[in-house]
Amino acid sequence: HHKMVGGRVLFTDSTHLKANANKHQFTRETVKVETREYVEELDKAIEEDRAAHGKKPLKKKEEEEETKEIRISTTDPDCGFMSRDNKQEMFCYLDHRTTDMKFNIITDAFVTPGNVHDSVPYLSRLDRQIERFQFKVEAVALDSGYLTNPICKGIIDRNIFGVIAHRRYSPVKGLFPKWKFTYDQKADWYTCPNGETLTYRTTNREGYREYKSSAKQCKDCPLLSQCTRSKNQVKVVTRHVWEENKEKIRLNRLSKSGKVLYKFRKEKVERSFADSKELHGLRYCRLRGIKKAAEQVLLTAACQNIKKIAMHLSKIG
């Protein structure tokens, strides 16, 4: 009615809420790793890529249940243990939040345990907003945690202009970083810093094409020690079958509109989280269990939205 939500430009990020649980009271359990939604699509892309390169289809792998060991809090078993660089280790929940460009109204708030990666619920939550509110999303801006091949592909498939922060990669000390090897899309090969070519050899199960150099050319190369430490003196560079989507997203970030959009991300979704923590006590979970954590997050979001609406209506009289 008051047109306070545009639904055209959205900003998404996540923040942690410290769980009401002692980090020293836990058990270790082996759990099944959940299959990602995009696995079937990726398998199809791998087979198509192999066929295009004249390779035989990969043999069907016997279904092995992938497992991992996690810490489960004995105080609040629903929360997850978060261990990230530059962040305190703790049991927590994550609030995955989306805000709208116009008045910074929160359009989505979704809670997961703290050990779920930011990128996991993103596309399904984006689709939910598009479906539920009939949003015509034109652009999204995200933090570097969302810079994955499936998300870049998902954004481009939905015909959305995506801007995602650059993720700092730390190359192996003393070796050339990957960007020193230039990719030629037409010829489908990489050129090394010494001008030699690395040609396509195979596409592996994980969805990466492997480009290898020739040991003959490499063995007498003056740059060999900066290039590879492999015993057979062959350099391998990998490229994901969906890599070009990531490259398009990177070019978006470097464009004029991309820079403006990314600047707004800090003023919008990060500001929204700052208000939640400073003014509404969203640093800690008041109760235990994911349902109660979700209630706290949704009530906080509702309070912030009501406040924004009231302030706007008071201005327009």
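Counting with my numbering, you get residues -9 to 307 for the letters of the sequence shown.
In this text, a Cβ means the ideal position worked out from N, Cα and C, and glycines have one as well.
Suppose contacts are defined by Cβ-Cβ distances below 8 Å. Is residue i in contact with residue j by that definition?
| i | j | result |
| --- | --- | --- |
| Tyr180 | Phe166 | no |
| Ser290 | Ser262 | Rather than Ser, the amino acid found at residue 290 in this sequence is Thr. No, the Cβ-Cβ distance between Thr290 and Ser262 is not below 8 Å. |
| Gly152 | Ile145 | yes |
| Lys143 | Asn242 | no |
| Ala177 | Arg255 | no |
| Asp85 | Thr5 | yes |
| Thr228 | Glu186 | no |
| Val226 | Asp39 | no |
| Ile150 | Glu128 | yes |
| Lys202 | Leu188 | yes |
| Asn105 | Ile60 | yes |
| Leu288 | Ala99 | yes |
| Met91 | Arg(-2) | yes |
| Glu70 | Pro103 | One point to set straight first is that residue 70 is Gly, not Glu, in the sequence displayed. Closer than 8 Å, so yes. |
| Ala283 | Tyr83 | yes |
For residue i, name the three-state secondary structure that DSSP assigns.
| i | result |
| --- | --- |
| Leu277 | coil |
| Glu59 | strand |
| Val(-5) | coil |
| Asp39 | helix |
| Gly248 | helix |
| Asp147 | helix |
| Ser4 | strand |
| Gly152 | strand |
| Asp174 | strand |
| Arg191 | strand |
| Tyr180 | strand |
| Lys297 | helix |
| Val259 | helix |
| Glu27 | coil |
| Val21 | strand |
| Phe16 | strand |
| Leu132 | strand |
| Thr138 | coil |
| Glu186 | coil |
| Ser160 | coil |
| Phe254 | helix |
State the CB to CB distance for the pair residue i and residue j, rounded to an integer number of angstroms; the pair is presumed to be in contact (CB under 8 Å).
| i | j | result |
| --- | --- | --- |
| Thr97 | Leu0 | 7 Å |
| Thr89 | Lys305 | The Cβ separation is near 19 Å, so there is no contact. |
| Cys308 | Val224 | Residue coverage of the chain in this structure runs from -9 to 307, which leaves residue 308 outside it and unanswerable. |
| His302 | Met(-6) | 6 Å |
| Thr2 | Tyr159 | Rounded, the Cβ-Cβ distance is 22 Å, inconsistent with contact. |
| Ile95 | Asn222 | The Cβ separation is near 58 Å, so there is no contact. |
| Gly164 | Gln124 | Wrong, their Cβ atoms sit about 54 Å apart, outside the cutoff. |
Which value, in whole angstroms, describes the spacing of the CA atoms of residue i and residue j?
| i | j | result |
| --- | --- | --- |
| Pro67 | Asn194 | 37 Å |
| Leu213 | Tyr198 | 25 Å |
| Ile378 | Tyr173 | The chain is shown from -9 up to 307; residue 378 falls before or after that span and cannot be answered. |
| Thr65 | Lys8 | 13 Å |
| Gly44 | Ala11 | 55 Å |
| Ser101 | Ile299 | A small fix is needed here, since residue 101 is Val in this sequence, not Ser. Answer to the nearest angstrom: the Cα atoms are 24 Å apart. |
| Tyr252 | Ile62 | 36 Å |
| Met80 | Ile280 | 16 Å |
| Leu244 | Asp75 | 26 Å |
| Glu196 | Arg148 | 24 Å |
| Lys22 | Lys58 | 7 Å |
| Ala292 | Leu272 | 13 Å |
| Glu233 | Glu27 | 18 Å |
| Gly(-4) | Ala264 | 22 Å |
| Arg278 | Val29 | 33 Å |
| Lys51 | Glu31 | 16 Å |
| Asp33 | Lys297 | 47 Å |
| Ser73 | His14 | 14 Å |
When every heavy atom of the ligand ZN is checked, does at least one fall within less than 7 Å of the C-beta of residue i?
| i | result |
| --- | --- |
| Arg61 | As presented, the structure is devoid of all ligands, the ligand ZN included, so that no description of it is given. |
> Curious, which full-length beta strand (DSSP E) runs of at least 3 residues does the stretch 193 to 238 contain?
Replying inline: 198 to 202 and 226 to 230
> Taking the runs of the alpha helix (DSSP H) that are 4 residues or longer, which of them lie wholly in the stretch 59 to 123?
Replying inline: 112 to 123
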